[in-house]
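Sequential numbering from 305 applies to the sequence shown in the numbering used here.
Quick reminder that beta carbons are idealized off the backbone N, C-alpha and C, glycines included.
Please read the structure below before turning to the comments.
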Amino acid sequence: TVHYVASIQAQGICPPAGNGTLRPVLLAYAGSSSAVRAFTANLRSGLTAATTDRRYELLRSLGYRYQLTSPARGQALVIAYLPELFHLQPGVQEHDALRFVCAPPRWWLDRQAELLAPQFGAEASDHALAMAFVARLDARTPLPIANDPAFHHGLFQLALEEPWIETGDDRQLLTFDGLDALGLADPVLCDVPKRLFADFLAGATARLLPRHLSSTVRAPVPSLASQLALDFLTA
């Protein structure tokens with residue numbers, strides 16, 4: 305038997321089928337090693353999978369990656385996901401948009417918050433999430449983004465006000481559940497045309513960046529350089 309663990313749906317990127325079948329950007333499931341192997345083969349072949357109230361399909365044309373781990377002897381966990389959305393370095397993207405899901409591991413956020421706490425105190429966790437978000441922006445745009453944690457935080461807060469950001473608050477365009485079992489933070493979806501982002505970044509930089517900082521990318525701060533060495537979904 306295979307058990308549902310978690311999923312993320314981004315309907316603007318992967319709309320459901322006409323019959324309501326969901327096409328998630330991430331789907332996690334677990335079970336015995338043999339059952340998971342057979343289940344994965346069925347998904348890869350185009351068969352749908354169902355829970356008590358939902359049906360899923362993973363279209364081969366979307367390029368899902370299947371990450372297999374073994375949390376216990378004889379048990380297997382698979383996370384099927386779209387690498388161009390979740391990887392820090394997405395590779396070649398053939399669309400005219402900055403598009404990603406920021407759902408970093410909670411252990412990483414906790415570690416960065418510890419490093420940032422002396423400077424930002426109670427807001428260290430928010431700054432850590434902003435760092436993860438901006439790192440994904442930076443990997444997808446040739447535009448320079450200042451390497452300053454305070455600027456990253458301000459940029460993230462401004463981005464959250466834009467219509468091209470989804471946090472799942474309205475439970476319509478972005479929906480998710482079960483991510484605690486994977487140790488992932490609640491996702492933030494970014495899907496913005498490159499030209500629109502260029503205008504946004506220029507305005508945010510003029511508004512937020514202190515005069516003593518350059519708007520060009522500086523060398524990474526050594527104590528924070530580990531933000532670029534993340535595991536699995538953020539690698």
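About 5 Å separates the CB atoms of T352 and R359; that is less than 8 Å, so the two are in contact. Assignment of beta strand (DSSP E) within the stretch 330-373, counting only whole runs of 3 or more residues, yields 330-336, 369-373 in chain order. For T479, the enclosing beta strand (DSSP E) has its first and last residue at 478-481. Boundaries for P467: no alpha helix (DSSP H) harbours it, and the DSSP string shows neither H nor E there. In the structure shown, the three-state DSSP call for H307 is strand. Here the alpha carbon of G367 sits roughly 35 Å from the alpha carbon of T509. Remark: C-beta atoms of Y333 and V405 do not approach each other more closely than 9 Å. The C-alpha of L402 lies about 6 Å from the C-alpha of D495. Beta-bridge annotation (DSSP): R403 is paired with D495.
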